[in-house]
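Engineer: The structure that follows is given in the form of structure tokens.
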Amino acid sequence: MKFQDLDINSNIKRALDDMGIDTPTKIQSSAIPKLLDGGRTHVLAQAKTGTGKTLAFAIPITNQISPKERSVQAVVLVPTRELCKQVYSVVTKLNKYRKLKAVEVYGGVSIDRQRKEIKAGAQIVIATPGRFMDLYRRRAISLNKVRFVVLDEADRMLDMGFLPDIQYILFDAMKGVSPRLLLFSATMLKQITKIARQFSNGEKLVELNVSKDDITVASCKQYYYKIQDASQKYASFVTLLKMEQPKSSIIFVNTRRWADKLRKRLIKEKGLNMVFSTLHGDKTQNQRERVLADFRNEKIDCLIATNVAARGLDIVHVTHIFNFDLPREGPEIYVHRIGRTSRMENDGKAISLAVHDQMKLLRAIENFMDKPIERLYFSDNQQITIKAKSKKSTYTDGSKKKSSNYGGSKRKSSNYSDSKKRSSNYSGTKKKSPIAVPASD
Ligand SMILES: Nc1ncnc2c1ncn2[C@@H]1O[C@H](COP(=O)(O)OP(=O)(O)OP(=O)(O)O)[C@@H](O)[C@H]1O
Ligand SMILES: [Mg+2]
């Protein structure tokens, strides 16, 4: 099937043609036809990272929106500012000939400008929940005519941090024309299905599970190095970078402070001919935008980031993901982090450092994916010398032990979704108020 064969507006087909997109991906061919009927079906869709979920919801909503009706007809909620801008850019390209009015709404910039843009007849609002709520409370957005509410990164959006805002928005929207609910993510935890059922209000909820049991892309090769002691982590990482010479990479760390520190240390290293920069919530909106633009344009080779970059970002040239720190909040974050490479079947590598006492965390990630991560070893001539004050200690993990205890057999899934380890907020702070602004906003 080609997009040309689908019953969608010819202006959308023209725009897709301009984007060089002619054949739907799996998630697109399963989700789009279900959303073109104007009916009451809600969709909960899970498909691997980098497989075109954005167009899977953007095409049907763009198609169904009435150009003559100058009110908000679709709300797309996303967890971060960066993702907001990206989804807006996709919707704008898709709208090249159809010319619906889309507005991007996120924190860190003037709210007045956004309010004016919405007032000027916005039909699609793409927003982070905090700023959306801010505008909604100021009555700058009406939900009366909203026919679609999309939660991109649905599991993140419905987790404890965002749920109260989402509930507030959905319950109010239901008082209007009662929107269809579209939930998309590469990972769906069991609670999400429960919540989705609750919101779909007894109406038909189609669950699309395009990746079935395998939730990560095969073109991404996953490895880890076991580090005996946390004090050896930095030197090991420098060795790793020298070995890999990544063309374009993201290094994930768990704190904003460490992101800055790591950059300061790495730029002083000899033999790493890379341009480093950082992306995290302590940067101004201007800085965040500039850094991401420079990374997209390949002026920056290596982005050191917190989880603010873990979800949804589509930067096709990324060859390597490094987990300098394993994610603490839950194994699903790992899946999203590594999904920043190997998009649309491109090759990529994801390499993690696991300190001795983090092996449990690593196993939880493997269990969640139902897939082993291959262990790698530094060879003898890559022994890492660590300067500890005046003394020198040497790290090597050159043992010839077998990499993991999988022995090639698949592990049983750990039912991780039932456990209490879910992420509550990227910043680690719990939100109390239903209208509090999330850290990533
Ligand atoms: N049908 C298609 N043919 C070719 N390329 C496509 C098609 N659909 C989407 N793409 C491209 O695939 C890339 C990934 O798409 P997208 O960002 O929507 O993935 P995703 O499934 O949302 O990933 P994530 O889970 O990381 O958010 C984009 O660069 C997009 O332009
Ligand atoms: Mg996406």
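So that you can map any letter, position 74 of the sequence shown is 191 in the working numbering, and since no number is skipped, the others follow by simple counting. Using N, Cα and C, we set each Cβ at its ideal position, and we do this for glycine too.
(1) Which runs of the alpha helix (DSSP H), 4 residues or longer, sit entirely within the region 187–241?
(2) Do residue 126 and residue 179 have their CB atoms nearer than 9 Å?
(3) On a Cα-Cα basis, can you pick out the residue from 388, 346, 371 and 273 that is closest to residue 363?
(4) Could you say which of 253, 173, 494 and 191 lies nearest to residue 240 if we only look at CA atoms?
(5) Counting along the chain, where does the beta strand (DSSP E) carrying residue 408 start and finish?
(6) Exposed or buried, residue 530, counting other C-beta atoms within 10 Å across all chains shown (16 or more means buried)?
(7) By alpha-carbon positions, which one of 341, 347 and 269 ends up nearest to residue 466?
(8) Residues around ligand 2, please: the ones whose beta-carbon is closer than 6 Å to some heavy atom of it, in chain order.
(9) Do you know offhand how far residue 152's Cα is from residue 245's?
(10) Along the chain, where does the beta strand (DSSP E) containing residue 159 start, and where does it finish?
(11) Closer than 8 Å by C-beta to residue 431: which residues in its own chain qualify, once you throw out the five before and the five after it? Chain order, please.
(12) Quickly, what does DSSP pair residue 465 with across the bridge? List them, please.
(13) On the DSSP bridge assignment, give the partners of residue 269 in chain order.
(14) With distances taken Cα to Cα, identify the nearest neighbour of residue 249 among 495, 281 and 318.
(15) For the alpha helix (DSSP H) containing residue 355, list its first residue and its last residue.
(16) How long is the line joining the alpha carbons of residue 537 and residue 318, rounded to whole angstroms?
(17) Can you give the beta carbon distance from residue 263 to residue 189, rounded, assuming they're within the 8 Å contact cut?
(18) For residue 127, name the three-state secondary structure that DSSP assigns.
(19) Contact check, residue 397 vs residue 376 under 8 Å by CB: the rounded distance?
(20) What does DSSP give as the partner residues of residue 344 in its beta bridges?
(21) With distances taken from CA atoms, which of 453, 320 and 124 is nearest residue 301?
(22) Rank 417, 148 and 335 by C-alpha distance to the C-alpha of residue 390 and give the top, closest one.
Structural biologist: A quick look at the data gives this:
(1) 198–211 and 228–236
(2) yes
(3) 388
(4) 191
(5) Careful: residue 408 lies outside any beta strand (DSSP E), inside the alpha helix (DSSP H) at 402–413.
(6) Reliability fails at residue 530, whose pLDDT of 36 lies under 50, so the model's placement of it is uncertain and no value is given.
(7) 341
(8) 170, 171, 269 and 429
(9) 23 Å
(10) 159–163
(11) 167, 171, 203 and 460
(12) 337
(13) 301
(14) 281
(15) 350–361
(16) Reliability fails at residue 537, whose pLDDT of 31 lies under 50, so the model's placement of it is uncertain and the value that follows must be treated cautiously. Looking at the two C-alpha atoms, the distance is approximately 26 Å.
(17) 6 Å
(18) helix
(19) 5 Å
(20) 472
(21) 453
(22) 417
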